[in-house]
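These notes are about the structure you will find just below.
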Amino acid sequence: MTVTVGIDQMGFYTPHLYLDMTALAQARGDDPAKYHVGIGQDKQAVIPPTQDVVTMAANAAAQILTPADQKTIKMVLFGTESGVDNSKATAVYLAHLLDLPADTRAIEIKQACYGATAGLQFAADYVRSHPTAKVLVIGADIARYGLRTAGEVTQGGGAVAMLVTANPRILALDPVSSYHTADVMDFWRPLGRSEALVDGKYSTNVYLDFFRTVWTDYQAQTHRTIADFAAFAFHIPFTKMGRKALRQILPEATPDQQTALTAAFEASQLDNRNVGNLYTGSLYLSLLSLLRHGNLQPGDRIGCYSYGSGAEGEFYSGRLQPDYRAGFNDAAVTALLAKRRAVSVAEYEELFQQQLDLTGTDVQLPVGTDPAPYYLAGRQHQQRQYRHRSEA
Ligand code: CAA
């Protein structure tokens with residue numbers, strides 16, 4: 001008998017600070033409509049030095065995991081392009097912070113914005129052959145292009161944590177998936193750099209081309225058409241990008257389906273519009289946004305398009321489960337976003353420079369202002385000092 005496998009729970013974390021895109025546009029001498037409409041972003045998460053991908057992942061996972069879940073996690077797959085060490089996996093720090101059992105595997109997966117999707121698919125394959133196991137999959141990143149760059153408006157950060165199990169509460173994954181790789185220099189971050197290099201227009205075109213390729217291949221493999229889908233969730237480093245992808249395939253739908261798919265897209269981009277870019281977490285924040293704000297029914301099929309520059313694209317699908325709303329804490333995500341504080345452009349610029357540098361010197365960070373349960377207290381002897389509020 002085939003085991004149903006997929007996403008059982010989803011948690012989300014982004015720090016307590018944000019930058020308003022009108023303020024950024026004004027400071028950069030741009031028309032705010034370009035940022036809000038042309039790019040499609042309203043707010044951008046600002047990452048204090050006391051948060052990195054490890055702490056953000058721990059804060060996201062803590063939103064969903066019960067002690068019973070923690071005991072049965074057999075693997076942690078941490079997708080990120082913003083890892084904190086050239087050798088040691090972020091997943092190992094995370095497993096320690098979450099007090100996971102020692103008989104777990106913990107590794108990091110890197111392929112730009114695609115790492116979490118690789119993690120999700122590897123996790124699903126593992127659970128298909130080990131149906132009692134639970135796998136924790138993380139997509140966490142800090143998107144940094146640099147002050148006064150074209151990409152600045154598409155920065156942000158945060159983490160999505162997903163528990164992959166048999167008989168999942170949220171999304172049962174269809175076993176078929178379509179993927180495509182090509183060696184492309186659209187976005188990369190050479191060793192020693194903390195900001196990405198990007199050919200922004202080219203990256204958008206490659207993203208759209210890859211989507212066309214994997215969507216066509218998926219249909220050939222499954223004989224499904226756009227009529228089989230209630231919604232699509234896209235990798236959306238900025239929301240206009242997903243809108244462009246949807247527009248490519250909308251003509252394949254009837255007028256009524258076009259209206260429904262467009263409404264679903266609007267729901268899927270709401271939270272991303274207010275958080276900004278999560279790189280590998282972006283698709284999964286969009287999926288969560290769709291679940292939170294969309295008008296979906298159990299049994300609906302959702303298509304997911306993942307893209308990581310460099311480049312890898314993948315299209316896969318899943319069926320929404322009857323009790324899907326029990327798989328995430330809607331109120332906690334709403335409260336997290338509502339409680340954030342706006343920073344001025346000057347404060348954002350200062351915080352941008354305060355990320356732990358590469359010198360390796362000892363640092364004590366101003367932890368008192370960060371309300372997150374897990375935070376980074378500083379660095380001693382070249383080692384990051386992770387803490388939980390309960391230890392303060
Ligand atoms: N009112 C409304 N709209 C306006 C406007 C105004 N006043 N002024 C401009 N616009 C519109 C433009 O018409 C344009 O819309 P279309 O794309 O629909 O034509 C849009 O705003 C952007 O305008 P520009 O193209 O002039 O903007 P730009 O030159 O500043 O570049 C960008 C925009 C390419 C997105 C740039 O911000 C960038 O390079 N961003 C980073 C690249 C990126 O995120 N790529 C994503 C793939 S890579 C990835 O996801 C990372 C990974 O794998 C880890």
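Quick note on numbering: UniProt numbering labels position 19 of the sequence shown as 19, and the sequence is numbered without any gaps.
From the three backbone atoms N, C-alpha and C, an ideal C-beta is built for every residue, glycine too.
Ordered along the chain, residues surrounding ligand 1 are D31, A33, K34, V37, G38, A112, C113, A150, G151, T154, F187, V198, G200, S203, P237, Y279, G308 and S309 [Cβ under 5 Å from any heavy atom]. Taking 8 Å as the upper bound for CB-CB distance, D20 and K34 are not in contact here, some 14 Å apart. Your pair A161 and I73 does not check out as a contact, with CB atoms roughly 11 Å apart and the cut at 8 Å. When C-beta atoms of the segment 274–290 are compared with those of the segment 7–17, three or more pairs fall below 8 Å, so the two segments count as touching. A Cβ-Cβ contact shorter than 8 Å links G157 with L278.
Residue range I73 to G79 is occupied by the beta strand (DSSP E) that includes I73. Secondary structure of A140 (DSSP, three-state): strand. Secondary structure at K240: helix, using DSSP grouped into helix, strand and coil.
Taking all protein chains shown into account, K134 has 16 or more neighbouring C-beta atoms within 10 Å of its C-beta and is therefore buried.
Ranking A331, M10 and G40 by CA distance to the CA of Q269 puts G40 first.
A direct Cα-to-Cα measurement between V176 and V76 gives close to 23 Å. Boundaries of the alpha helix (DSSP H) around L208: G200 to T222.
Comparing alpha-carbon positions, the option among P371, L356 and D183 lying closest to Q385 turns out to be L356. Per DSSP, the unbroken alpha helix (DSSP H) holding G115 starts and ends at G115 to S129. Judged by beta-carbon spacing, F187 lies beyond the 8 Å limit of A245, meaning their Cβ atoms are not closer than that value. The beta carbons of G303 and F232 sit closer together than 8 Å. L163 is the residue among Q380, G308, D30 and L163 whose C-alpha sits nearest the C-alpha of T66.
Assignment of F187 by DSSP, reduced to helix, strand and coil, places it in the strand class. Every unbroken stretch of the alpha helix (DSSP H) spanning 4 or more residues and falling wholly within the segment 24–79 is given here in chain order: 53–62 and 67–71.
A check of alpha carbon separations from G38 across Q353, F238, Y93 and T104 identifies F238 as the nearest. As computed with DSSP, K134 is found in a beta bridge with I73. Contact fails between the segment 177–185 and the segment 325–338, because fewer than three Cβ pairs, one in each stretch, are under 8 Å apart.
Non-local beta-carbon contacts of Q70 in its own chain, meaning distances under 7 Å to residues more than five positions away in sequence, involve L98, D99 and L100 in chain order.
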